[in-house]
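Numbering (the numbering used here), first residue to last: 113 to 356.
Even glycine gets a Cβ: it sits at the ideal position worked out from N, Cα and C.
Notes follow the structure.
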Amino acid sequence: MLITGAASGMGRATAELFAEEGAKVAVTDYVLSPAEALAAELRERGLSARAWKLDVSDPAEIIAVVAQIADEFGGLDIVVNNAGVSGFAAVDSDAYETVWDRSLAILLSAHQRIVRAALPHLRHSAAPRIVNIASTEALGATAMDSPYAAAKAGVVGLTRALAVELGHEGVTVNCVCPGPINTGMTASVPDEHKATFARRRTALGRYGEPDEVAHITLSLCLPAASYITGAVIPVDGGLTARNA
113 MLITGAASGM
123 GRATAELFAE
133 EGAKVAVTDY
143 VLSPAEALAA
153 ELRERGLSAR
163 AWKLDVSDPA
173 EIIAVVAQIA
183 DEFGGLDIVV
193 NNAGVSGFAA
203 VDSDAYETVW
213 DRSLAILLSA
223 HQRIVRAALP
233 HLRHSAAPRI
243 VNIASTEALG
253 ATAMDSPYAA
263 AKAGVVGLTR
273 ALAVELGHEG
283 VTVNCVCPGP
293 INTGMTASVP
303 DEHKATFARR
313 RTALGRYGEP
323 DEVAHITLSL
333 CLPAASYITG
343 AVIPVDGGLT
353 ARNA
């Protein structure tokens, strides 16, 4: 299986979980050294993993790395598009265009490019699975976050459209929408602010953990999920279900 943005946060938790379940894991990340460290750690535990540097904003690098992974592993069964980036900008700010272009390149265009590169290999799999990681920002936005929200909403649309397009080939395409999760992207938020937000906005009254997202991603790749495609699943502690 191939996972992008796998060196930290939800990506790392997902890579570890899949490896523990017996998958051969391609740990890819923008920076190679933490990806190599994770892959080495997994191998020390008797699990199967290898690291690749992958800048998902580079179309040529995507094509090359996906081909290398498929060649190394003798095929490809699962793709998890997890790599992400955050960035806030007011719509009338000077920085907006830069944030917009970067957000769409990494959060949306990269997803379709990874899928397109992996598809010839997935078509040879007996149980091909694609899981795209979006966000609850695709379902309800935050002020000054329109580039991120637009990109994540695009991931939801891409997921549904590819599910319809590829369904007759047996390729399932699903989407996970994490809510407030304790990751590197939220590490700068003070704990008291997290606690207040979670109490006011989520049904469970807390932030989630990366492994709670990873388990949903894994579940969508199991044989039991063979009839699930085009699904958009919030993992948000009830954030999107709560009115006030």
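Under the three-state DSSP convention, the category V283 falls into: coil
Where T298 falls: helix, strand or coil (DSSP): helix
Pick from A172, E132, G117 that is closest to E148, judged by C-alpha positions: G117
8 Å contact criterion, which A343 and M122 should meet: CB distance rounded: Going by Cβ atoms, the distance from A343 to M122 rounds to 18 Å, so no, they are not a contact pair.
For R155 and I190, believed in contact at Cβ under 8 Å, the rounded distance: About 19 Å separates the two Cβ atoms, so there is no contact after all.
Contact check, G199 vs P259, beta carbons under 8 Å: yes
Alpha-carbon to alpha-carbon, E153 and A262: 36 Å
Beta-carbon proximity of A246 to V288, cut-off 8 Å: yes
Sufficient close CB pairs (3 or more, under 8 Å) joining the segment 124-141 to the segment 160-173: yes
Backbone CA spacing between A239 and G291 [nearest angstrom]: 28 Å
Reduced DSSP secondary structure (H/G/I, E/B, other) of A172: helix
Beta-bridge partners of T140, as assigned by DSSP: W164
Residues sharing a beta bridge with N193, DSSP: N244
Alpha-carbon spacing of A151 relative to A336, whole angstroms: 28 Å
Exposure label - P232; buried when at least 16 CB within 10 Å: exposed
Per DSSP, cross-strand counterpart(s) of L114: A138, V191
Expected contact under 8 Å - CB spacing of T298 and I340 to nearest Å: Not quite, the Cβ-Cβ distance comes to about 28 Å (not below 8 Å), so this is no contact.
R311 vs G317 beta-carbon contact at 8 Å: yes
For I345, the first and last residue of its enclosing beta strand (DSSP E): 344-347
Under the three-state DSSP convention, the category V288 falls into: strand
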